[in-house]
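As structure tokens, the structure follows; a few thoughts come after it.
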Amino acid sequence: MSTNQDAEARGLRSGGPVFSDLDAGDPDQETTEMESLCMRCYENGVTRLLFTRIPFFREVVLSSFSCEHCGFANSEVLSAGRVQEKGVRYELSVRSPK
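Each number in our numbering comes from the position in the sequence shown (counting from 1) with 217 added on.
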């Protein structure tokens with residue numbers, strides 16, 4: 218599927234939802250694949266993106282890169298939205314080491 222077709226299928230052009238709920242039982246989660254430059258060997262590798270929503274937390278982008286030429290791989294979880302209204306924020310202030 219081309220990038221434009223993939224974008225349309227995911228609702229990017231139609232104004233539909235970009236982020237879907239993550240479902241471990243769904244083997245066909247919609248991922249976006251694109252060719253991108255490897256920063257180690259400067260050959261082309263593959264970046265895979267999954268736009269998903271973590272309930273009561275926020276929307277995230279799961280990103281992975283792999284290069285078949287040099288074996289370099291990288292994975293990231295990127296924030297893509299605000300903490301939801303029902304989310305909780307914990308903050309700890311340590312005033313002394315004891």
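Each residue gets a CB set at the ideal place from its N, CA and C atoms; glycine is no exception.
Contact set for residue i: own chain, Cβ-Cβ below 7 angstroms, skip 5 residues either direction
| i | result |
| --- | --- |
| Arg299 | Arg275 |
From the options, residue whose alpha carbon lies closest to that of residue i
| i | options | result |
| --- | --- | --- |
| Ser253 | Phe273, Phe268 and Ser280 | Ser280 |
| Leu267 | Arg312, Phe236, Val305 and Ser313 | Phe236 |
| Val294 | Thr249, Thr269 and Tyr259 | Thr269 |
Cutoff 6 angstroms; reference residue i; Cβ partners in own chain excluding five residues on either side
| i | result |
| --- | --- |
| Lys303 | Phe273 |
| Asn261 | Glu252 |
| Cys284 | Cys255 and Gly262 |
| Thr264 | Met251, Ser253 and Phe282 |
Where residue i falls: helix, strand or coil (DSSP)
| i | result |
| --- | --- |
| Leu309 | coil |
| Thr269 | strand |
| Arg299 | coil |
| Arg257 | coil |
| Phe282 | strand |
| Thr248 | coil |
| Val277 | strand |
Cβ shell of residue i (< 8 angstroms), same chain only, five flanking positions each side left out
| i | result |
| --- | --- |
| Ser292 | Leu279, Ser280, Ser281 and Phe282 |
| Arg257 | Cys284, Cys287 and Phe289 |
Heavy atom of the ligand MG within 7 angstroms of residue i beta-carbon
| i | result |
| --- | --- |
| Glu252 | The ligand MG is not among the ligands present in this structure, which contains no ligands whatsoever. |
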